[in-house]
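Chemist: Numbering-wise (the numbering used here), the sequence shown opens with residue 1 and increments by one. Built from N, CA and C at the ideal position, the CB exists for glycine as well. The structure that follows is given in the form of C-alpha cells.
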Amino acid sequence: MENPHPNLVGHVTVNQPGAEVGAALKAAVRPVHQLWVGFRSLLIGMWVTLTEFLKRPATVPYPRATMPIPERYRGHIELVLDPETGQSRCVACKLCEKACPSNCIVVEGIKRPGDKKKTPTVFTLDFTLCSLCGACVEVCPTSALRFSRRYNLASTRREDFHIDLLKRLQEQAARPPTRS
Numbered sequence: 001m002e003n004p005h006p007n008l009v010g011h012v013t014v015n016q017p018g019a020e021v022g023a024a025l026k027a028a029v030r031p032v033h034q035l036w037v038g039f040r041s042l043l044i045g046m047w048v049t050l051t052e053f054l055k056r057p058a059t060v061p062y063p064r065a066t067m068p069i070p071e072r073y074r075g076h077i078e079l080v081l082d083p084e085t086g087q088s089r090c091v092a093c094k095l096c097e098k099a100c101p102s103n104c105i106v107v108e109g110i111k112r113p114g115d116k117k118k119t120p121t122v123f124t125l126d127f128t129l130c131s132l133c134g135a136c137v138e139v140c141p142t143s144a145l146r147f148s149r150r151y152n153l154a155s156t157r158r159e160d161f162h163i164d165l166l167k168r169l170q171e172q173a174a175r176p177p178t179r180s
C-alpha cells in the first residue's frame, strides 16, 4: 500500500512490512535499558556515599568539643583596658554612639576634678540591635573598643543582650590574664 502522506518522509505506517517487529524490539529493549540506567545510577550513588563515609567529618560534636575561633571573628564590642592605668581607654567622647547606624550604644561620662580627660560612667550596648558593622571600632580615637571573642550568647530573655561594657571590663580586670 502506498503512503497516504507523501510529504512525510520516513513516516512509518502500520501497513508497512517490518513495522511491528521494530516496535516490538523497542518495547523489549526499553525495560532492560531502564534497568541498566537505574543500576548505573545506584552504583554512582553508592560510590559517592562510600567516598564521603571515608572522609574526616566536617562537623564537631559541639557541647563536648569546640573548634578554634578564627582570628577575624567578630563578637560584640568590648572596652579595652589600658595596661598603664588599669582603667578603660575610653574618654567618653561619644563618637562611637554617633557613628553607630543601629543606635545601640549609650555612653555617658563625667570629668572628675583633677583628671585631664572624661571617664565613662555608663557604657551599654544593646546587642539585639547591633549589626556588627564595626563603625564604632573604626571611629574611636583612643582605640578603646574592639570586637570580643565571645560566641555562645544564647538566651531566652532580651535583657541578657543589654550588655554593660564597663561592668564587663571591671570583671576582666579582676580576672588573671589567660593565654589565647
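Buried or exposed: residue 65, going by 16 or more other Cβ atoms within 10 Å of its Cβ?
Modeler: For this step, residue 65 is matched to residue 65 along the sequence shown. Answer is exposed; the Cβ neighbour count stays below 16.
Chemist: Counting pairs of beta carbons, one from the segment 34-47 and one from the segment 100-120, are three or more of them closer than 8 Å?
Modeler: Contact between the segment 34-47 and the segment 100-120 is absent: fewer than 3 CB-CB pairs across the two stretches fall below 8 Å.
Chemist: Helix, strand or coil: which one does DSSP assign to residue 53?
Modeler: The count along the sequence shown starts at 1 and reaches residue 53 at position 53. Judged by DSSP in its simplified three-state form, residue 53 adopts helix.
Chemist: Taking contact to mean 3 or more Cβ pairs, one atom from each stretch, closer than 8 Å, check whether the segment 78-87 and the segment 126-135 are in contact.
Modeler: At 8 Å Cβ cutoff, the stretches do not touch.
Chemist: Spatial neighbours of residue 110 within its chain, please: CB distance less than 6 Å, with the 5 preceding and 5 following residues excluded, ordered by chain position.
Modeler: Reading the sequence shown from its first residue, position 110 is the one you call residue 110. Result list for residue 110: 121, in chain order.
Chemist: In chain order, which continuous runs of the alpha helix (DSSP H) of length 4 or greater are located wholly inside the segment 97-139?
Modeler: 135-139
Chemist: Between the alpha carbons of residue 130 and residue 38, how many angstroms are there, rounded?
Modeler: Reading the sequence shown from its first residue, position 130 is the one you call residue 130. Reading the sequence shown from its first residue, position 38 is the one you call residue 38. Computed Cα separation, rounded: 52 Å.
Chemist: If we count Cβ pairs, one from each stretch, closer than 8 Å, do we get three or more for the segment 138-154 versus the segment 86-105?
Modeler: yes
Chemist: Evaluate residue 175 with the Cβ neighbour count: other Cβ atoms within 10 Å of its Cβ, from every protein chain shown; 16 or more gives buried, anything less gives exposed.
Modeler: Here residue 175 refers to the residue found at position 175 of the sequence shown. Exposed: under 16 other Cβ atoms inside 10 Å.
Chemist: In the DSSP assignment, the alpha helix (DSSP H) including residue 78 goes from what residue to what residue?
Modeler: For the purposes of this step, residue 78 is identified with residue 78 of the sequence shown, where counting begins at 1. Segment 77-79 is the beta strand (DSSP E) holding residue 78; no alpha helix (DSSP H) there.
Chemist: With the cut-off set at 9 Å, would you say residue 144 and residue 90 are in Cβ contact?
Modeler: On the sequence shown, position 144 is the one that residue 144 refers to. On the sequence shown, position 90 is the one that residue 90 refers to. Yes, the pair counts as a contact, with Cβ atoms nearer than the cut-off.
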